[in-house]
Amino acid sequence: METANKDEIVIRTVDLCKTYGTLKAVDHLNLEIRRGEIFGLLGPNGAGKTTTTLMLLGLTDPTSGSASIEGLDCTRDSLAVKNEVGYLPDNVGFYPNMSGRDNLIFSGEMNGLTREQAGERAKQVLERVGMTEAADRDAGTYSRGMRQRLGIADVLMKQPRIIIMDEPTGGLDPQATTDLISMIHDLSKIEGITILISSHDLYQIQKISDRVGIFVKGHMIACGRIDELGRQLQNEGLYMFDVWADRNGDSTWDKDLLNDVRALPNVKLIGRKVDGTIHVESSEDVQRGLEETLLRHNYTVREMHRQGGDLDEIYRKYFERAEAGEKGGKSNGRSKAGADAGEKRTGSDERPSKIRRGLSRILGK
Amino acid sequence: MRVLYKKELSDHLDSTRYQILFVLLACIMIFAVNGAISTISQAAQQTSDGQTSVSEFLFLQLFTTSGSNVYSFSTFIGFLGPIVGIMLGFDAINEEVAQGTLNRLAAQPIYRDTIINAKFLAGLTAVAIMIFTLGGVMTGYGLIRTGLVLTGEEVARIVMYLLMCTLYISLWMALAELFSVTSRYAATSALASIAIWLFLTMFWSTIVSGIAGSIYPVNGGGYQAQLNAISNYSLQTGLNRVSPYYVFSEITTILMNPNVHSTNVVSLLTSQEGAVASYLSFGQSLLQIWPHIVLMIAETVIFFAAAYITFMKREIRA
Ligand SMILES: Nc1ncnc2c1ncn2[C@@H]1O[C@H](COP(=O)(O)OP(=O)(O)O)[C@@H](O)[C@H]1O
Ligand SMILES: [Mg+2]
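Quick mapping for you: the protein sequence lines, in order, are chains A and B.
Counting from 36, one number per residue, gives the positions in the first sequence under my numbering.
Counting from 48, one number per residue, gives the positions in the second sequence under my numbering.
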C-alpha cells in the first residue's frame with residue numbers, strides 16, 4: 036500500500052504527553068502514520084499504548100501536545116474523529132444478553148444507520164469475520180476469540196477508513212491469533228484501511244506491520260520499517276554470543292582467557308549468565324576470534340549461539356525483561372530500561388543504537 | 048441519543064429485575080388496597096350509623112389508609128420506592144465498565160453525556176411506566192370495589208401524587224447512578240445506596256429528635272421550655288426534611304388529605320386554636336407542597352449533576 040500517496044499523513048501526534056500525577060504515561064510522543072499502512076505500536080505492559088489510543092479517540096484528554104486524525108483535532112473534534120475511526124478497545128465487550136448480531140445492529144444505529152441498513156451491514160461484516168453461525172447466540176456465551184472477531188465486525192459496521200486496535204491478540208490462542216492477524220492484514224491490503232495496532236506481542240505484529248514504533252515507559256525509542264531497523268542495527272553492529280565452553284570439565288573461564296577475549300576487537304561486554312554460559316557482546320562478528328581464543332586456552336566449545344542484527348531476537352529480549360521487571364516490581368532491568376529511555380529523545384538515526392544501549396544495560400551484569 | 052434511550056429502556060423493561068420489582072409492587076398494592084377498603088368500609092359503616100359526615104375525598108384514602116395488618120400504599124411507596132430507584136440505577140455505569148462495553152460505546156460518534164443522559168431518562172421512563180400502571184390499575188380496582196365516583200379534583204390529586212412518586216423514586220435512582228459512576232463495582236454502589244436509604248428512612252428521625260432535644264430541651268416545665276417547644280419543633284422539621292423520605296411523606300399527606308392545611312408549626316398552632324375546618328382546593332394544596340417539590344427536584348438534579356460531572360471527567364478505560 037505504500038503507493039502514490041504514501042506520504043500522506045493520516046494520524047499525527049505532536050509532543051503528545053499524558054501524566055497521571057507524577058507518572059508520565061506518555062511522554063512527548065511524535066507519531067506519524069501514513070495512509071493505508073499498518074503501524075504496530077509495540078511496547079510492554081504499562082508502556083502507555085492504551086493511553087495513547089484513548090487520547091487519539093478523545094476518550095481522555097492529553098496533558099499537553101496534540102493529536103490529529105485526518106486533520107481533525109482528536110480532543111476538540113472528537114465527535115468527527117469518532118465518525119471516521121473505528122476503535123477496537125483492549126478487552127472488548129458486548130452486551131451479554133443481546134445476540135452478536137443485535138449488538139452489531141445497535142452499533143450501526145448508533146452510527147446513524149437505520150435498523151434495516153444496520154441489519155444488512157451486520158450480515159455482511161459477520162460473513163466477513165466468519166461469525167455468521169454464532170451470530171444469533173447471546174454474546175455472553177462467546178469465547179475470547181469470538182468476542183475479538185465480533186469486535187472487528189463491530190468496528191467495520193461504521194465502514195471506517197482508519198482503525199485503531201488495542202491489543203487485539205491479547206489472550207488468544209495461537210490459531211486464533213493467526214486468524215485474526217491475517218484478517219487485519221486483509222483489511223489493510225485489500226480495503227486500504229489505515230490501521231494502528233498496539234500490542235506487546237512483537238512476534239505477531241511484525242508479520243503484518245509496515246512500520247513499527249517501539250514504545251517503552253511513555254517514550255518512543257525506535258520507529259521505522261522492520262527491515263530498516265534490522266539493517267541499521269546490523270550496520271551499527273550488535274552481535275551477541277552465548278558460549279558454553281569448558282576445560283577439563285570446568286566451565287568457569289579463568290582470568291587470562293577473559294582478558295584475551297576482552298582484547299578481541301570491539302568486544303564491549305562480557306557477562307556470565309546464571310546457567311553458567313558466558314555472554315559476549317561485540318559490535319563486530321567476533322565468532323572466529325572467540326573460537327580461536329578459547330582453543331588457545333585449551334577450552335572445548337560445547338555450545339555457541341550467535342545472535343546478531345536479528346531484530347526479532349532483540350525485541351523479544353527487551354520485552355521479556357521489561358515485563359519480568361514489571362511483574363517483579365522494581366527490578367533492575369526495568370528501571371534501567373526506563374532510565375535509559377528517559378534520557379532524551381533522539382533523532383531517528385540514533386535510535387537503533389539507543390536500543391542497543393538499553394539492551395546492554397539490561398543484559399550487562 | 049434516541050437509539051441509546053430506546054435500548055436502555057427496553058433493557059429495563061426486559062430485565063428480570065424490573066419485572067420482579069413490578070410484580071412485587073403489584074402484590075403490595077393489592078394487599079394495601081384491600082386493607083384500605085376494609086378499614087374505610089368499617090369507618091363508613093360507623094358514620095352512616097349516625098354522627099359525623101363521610102370525608103368528601105374518600106377515594107383518596109385508598110392510597111393512604113392502612114388496613115388492620117398491612118401498611119397503606121403510600122407508606123409502602125415511601126419505604127420501598129427508594130429500593131426501586133436504587134435497583135434501577137446502581138449498576139448503570141459500572142456494569143458497562145465491567146462488561147467492557149463502555150469504551151466501545153464511548154468510541155461511537157456520540158457525545159459522552161448522551162450515555163448518562165439516555166440512561167437516566169430511560170430509568171425515569173421505566174419508573175413512570177411502573178408507577179402509573181400500578182396507580183391506574185389501583186384506581187380502577189378501587190372504583191370497582193368501592194363503587195365510589197371520582198371527582199375531577201381527585202383525579203388531579205392522584206395524577207399529581209403518582210408524579211410525585213415517580214420523582215421520589217427518580218431521586219433515589221439519581222443517587223444510585225452517582226454511586227454507579229464513582230464506584231468501580233456494582234456491589235459497592237448498591238451497598239452505599241442502601242446504606243444511605245436505611246440511614247435516612249430508619250434512623251434519621253431518631254437522630255433528629257435527639258439533636259433538637261439537646262439544643263432546645265423541652266422537658267421540665269416553665270416558660271423557657273414552652274418557648275423551646277416551638278423552636279424544637281421547627282428544628283426537627285427542618286432537619287427531617289433533609290431526608291427525602293420525610294419530604295415525600297409530607298407531600299403525600301397534603302396531597303391526599305385535603306383537610307391538612309400545612310406542615311409548619313405556626314399553622315399547627317393556629318389550627319389548634321380552632322381554625323375553620325375546611326378543605327384546601329387542589330391549587331392550595333399544590334401551593335403548600337411547592338417548596339417540597341422544588342426541594343426534591345433540586346436534590347435529584349444535584350445527584351444527577353454530580354454523576355454527570357464525574358462521568359464527564361473520568362477516563363473511559365476498560
Ligand atoms: N487512571 C490512571 N491513573 C494513574 N495511572 C494510570 C492510569 N491509567 C493508566 N495509568 C498508568 O499509565 C501507564 C500506561 O498505561 P497504559 O497506557 O494502560 O499502558 P499499556 O496499554 O501500554 O499497557 C501505566 O503505568 C499505568 O499504570
Ligand atoms: Mg493496554
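Positions of the beta carbon are idealized from the N, C-alpha and C atoms, including for glycine.
Tell me whether residue i, by its Cβ, gets closer than 6 Å to a heavy atom of ligand 2.
i                 : result
Thr85 of chain A  : yes
Asp125 of chain A : yes
Quick one: what's residue i bridged to in DSSP?
i                 : result
Ile68 of chain A  : A:Ile46
Trp279 of chain A : A:Glu338
Thr229 of chain A : A:Ile197
Ile313 of chain A : A:Val278, A:Arg307
Met255 of chain A : A:Phe250
Leu77 of chain A  : A:Ser234, A:Ile249
Asp173 of chain A : A:Ser134
Cys52 of chain A  : A:Ser99
Leu123 of chain A : A:Met200
Asp285 of chain A : A:Arg282
Val406 of chain B : Limits of chain B in this structure are 48 at one end and 365 at the other, which puts residue 406 of chain B out of reach.
Ile104 of chain A : A:Ile46, A:Leu107
Val302 of chain A : A:Ser317
Leu58 of chain A  : A:Tyr55
Assuming residue i contacts residue j under a Cβ cut-off of 8 Å, what Cβ separation, rounded to an integer in Å, is found between them?
i                 : j                 : result
Leu72 of chain B  : Met177 of chain B : 7 Å
Met134 of chain B : Leu222 of chain B : Going by Cβ atoms, the distance from Met134 of chain B to Leu222 of chain B rounds to 12 Å, so no, they are not a contact pair.
Ser240 of chain B : Phe137 of chain B : 6 Å
Ile192 of chain A : Asn146 of chain A : Note that residue 192 of chain A is Met in the sequence shown here, rather than Ile. Indeed, because the Cβ distance is near 6 Å, the residues count as touching under 8 Å.
Ala233 of chain B : His59 of chain B  : Their Cβ separation, rounded to whole angstroms, is 15 Å, which puts Ala233 of chain B and His59 of chain B out of contact at 8 Å.
Pro305 of chain B : Ser332 of chain B : 6 Å
Leu107 of chain B : Met303 of chain B : 5 Å
Thr229 of chain B : Thr347 of chain B : No, Thr229 of chain B and Thr347 of chain B are not in contact; Cβ-Cβ is about 17 Å, not under 8 Å.
Ile198 of chain A : Gly121 of chain A : 4 Å
Quick check: is any heavy atom of ligand 4 less than 6 Å from the C-beta of residue i?
i                 : result
Tyr122 of chain A : Questions concerning ligand 4 fall outside what the structure shown contains, since the ligands it does hold are ligand 1 and ligand 2.
Could you list which residues in chain A have their beta carbon closer than 8 Å to that of residue i, in chain order?
i                 : result
Gln146 of chain B : Gly128, Phe129, Tyr130, Pro131
Leu51 of chain B  : Met145
Lys54 of chain B  : Phe141
Do you know whose CA, among the options, lies nearest residue i's CA?
i                 : options                                : result
Ser115 of chain B : B:Ser88, B:Arg364, B:Ser236            : B:Ser88
Phe104 of chain B : B:Ile344, B:Ala203, B:Val50, B:Phe120  : B:Ala203
Ser101 of chain A : A:Glu67, A:Arg150, A:Ile198            : A:Glu67
Glu72 of chain A  : A:Glu319, A:Pro300, A:Trp288, A:Gly248 : A:Gly248
Val50 of chain B  : B:Arg64, B:Ala169, B:Ile84             : B:Ala169
Phe350 of chain B : B:Ser252, B:Phe226, B:Leu282           : B:Phe226
Leu127 of chain B : B:Phe179, B:Cys212, B:Ile205           : B:Cys212
Trp44 of chain B  : B:Ala259, B:Phe295, B:Ala354           : Residue numbering for chain B in the displayed model covers 48 to 365; residue 44 of chain B lies beyond these limits and cannot be assessed.
Ala60 of chain A  : A:Arg69, A:Asp189, A:Thr87             : A:Thr87
Leu139 of chain A : A:Thr57, A:Arg182, A:Met339, A:Glu105  : A:Arg182
Leu320 of chain A : A:Gly135, A:Ile313, A:Pro300           : A small fix is needed here, since residue 320 of chain A is Asp in this sequence, not Leu. Cα-wise, what sits closest to Asp320 of chain A is A:Pro300.
Gln159 of chain A : A:Lys242, A:Val190, A:Pro124           : A:Val190
Ile157 of chain B : A:Asp112, A:Leu58, A:Arg47, A:Lys308   : A:Asp112
Phe250 of chain A : A:Asp42, A:Cys258, A:Ile243            : A:Cys258
Leu238 of chain B : B:Pro129, B:Val265, B:Leu209, B:Asn266 : B:Pro129
Glu155 of chain A : A:Arg69, A:Ser178, A:Gln194, A:Asp125  : A:Gln194
Report yes if the C-beta of residue i is less than 6 Å from at least one heavy atom of ligand 1; otherwise report no.
i                 : result
Ala153 of chain B : no
Gly81 of chain A  : yes
Tyr232 of chain B : no
Ala257 of chain A : no
Ala60 of chain A  : yes
Tyr334 of chain A : no
Gly55 of chain A  : According to the sequence displayed, residue 55 of chain A carries Tyr and not Gly. Checking the Cβ of Tyr55 of chain A against ligand 1 gives yes.
At a CB-CB cut-off below 7 Å, which residues of chain A make contact with residue i?
i                 : result
Tyr158 of chain B : Leu114
Gln155 of chain B : Lys117, Ser142, Met145, Asn146
Give the residues of chain B in contact with residue i, contact being defined as C-beta atoms less than 8 Å apart.
i                 : result
Leu80 of chain A  : It should be pointed out that residue 80 of chain A corresponds to Asn in this sequence rather than to Leu. Simply none; closest approach about 14 Å.
Pro124 of chain A : Gly147, Asn150, Arg151, Ala154, Ala365
Thr95 of chain A  : Glu362, Ile363, Arg364
Asp189 of chain A : Arg151
So which residues on chain C does residue i lean against when the C-beta distance must stay under 9 Å?
i                : result
Leu89 of chain A : This model lacks chain C altogether; the protein chains it does include are A and B.
Against residue i, what residues of chain B qualify as contacts under a CB-to-CB distance less than 9 Å, listed in chain order?
i                 : result
Leu222 of chain A : Here the premise fails: no neighbours, minimum Cβ distance about 17 Å.
So which residues of chain B does residue i contact, with C-beta pairs closer than 7 Å?
i                : result
Leu92 of chain A : Ala154
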